[in-house]
Amino acid sequence: MAAVVEDSTGWHDGIGGITTRAMTDEKYGKTDYQHQRNDWLRSGYENFLTELEVNGLGPRDLVPPVNLFSKVWCDGDGRMHYAPENCPKGATVTLRTEMDVLVLLSNTPNPIDDRPAYPAVPIRFEVLPAAPADALDACVNSMPEVRRAYENTWDYYTLMD
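When we follow our numbering, the leftmost residue of the sequence shown carries the number 1, and every step to the right adds one.
Structure, rendered in structure tokens:
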């Protein structure tokens, strides 16, 4: 659905999941909008469900996230570890999509991040036009299964014309 075409960090977490309300309350203390207003601590799950609902979708439409700028790795015993130094200030990632997609962003902690304070890091997000990928594109040719996905997308648009 999206290709990483530029990346200054080199690692993003696809296995750590998202925080829930219970995880957030247990780790950082119970907060709510009624008492803290915009300073309440949200969970990734809540943020995703809110945005799905706004777009006519629900919990069954939630897919596993990619935690951009987070590094989670597994040791030889299968334990997952979070690397807090993975994302320097000013880090960037550029995604390109070949078709309309719904991108949900939640600036919430990685569930494996063991730092005691809820991180509050500003982000900037831009949506810009991009030229579509062609048959010589590096992302298209990165792996055979990726190429098939692009070919299926191109075929879909050919049928829609």
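Glycine included, every Cβ here is placed at the ideal spot set by N, Cα and C.
Are the CB atoms of residue j and residue i within a distance shorter than 8 Å?
i	j	result
T108	R60	no
T9	F69	yes
L52	G44	no
S106	N38	no
Between residue i and the rest of its own chain, which residues show a CB-CB distance below 7 Å, the 5 nearest in sequence each way excluded?
i	result
N67	H12, D13, G16 and N110
T31	W40 and L41
Y118	Y28, L41 and P109
Rounding to the nearest angstrom, what Cα-Cα distance links residue i and residue j in this structure?
i	j	result
D155	D161	10 Å
Y28	R21	10 Å
M65	L104	Going by the sequence as given, residue 65 is Pro instead of Met. Using only the alpha carbons, I get a separation of about 9 Å.
D137	N152	15 Å
H35	M143	50 Å
K71	D114	13 Å
R148	G56	30 Å
V121	C87	11 Å
V54	Y150	29 Å
G180	F125	The requested residue 180 does not occur in the structure, where the chain is confined to residues 1 to 161.
M23	G78	22 Å
G76	N141	32 Å
E145	E26	41 Å
P116	C139	38 Å
Just to confirm my understanding: we take residue i, look at its own chain, exclude 5 residues before and 5 after, and list those with CB closer than 8 Å. What are they?
i	result
T94	V4, V5, E6 and D7
L49	G58, P59 and L62
W73	M80, H81 and A83
L128	none
Y33	W40
Kindly list the residues whose CB is nearer than 6 Å to the CB of residue i, restricted to its own chain and excluding five residues on each side of it in sequence; keep chain order.
i	result
V63	none
I112	G16, V72, M80 and Y82
M1	V101
T92	S8
I123	N107
### Task
Specify whether the segment 6-25 and the segment 79-90 touch according to this definition: at least 3 beta carbon pairs, one from each stretch, less than 8 Å apart.
yes
### Cβ pair count under 8 Å reaching 3, the segment 86-100 against the segment 121-134
Contact between the segment 86-100 and the segment 121-134 is present, with at least three C-beta pairs closer than 8 Å.
#### Entry: Contained beta strand (DSSP E) runs [length at least 3] in the segment 67-147, N- to C-terminal order
For the segment 67-147, whole beta strand (DSSP E) runs of length 3 or above, ordered along the chain, are 72-74, 80-82 and 93-96.
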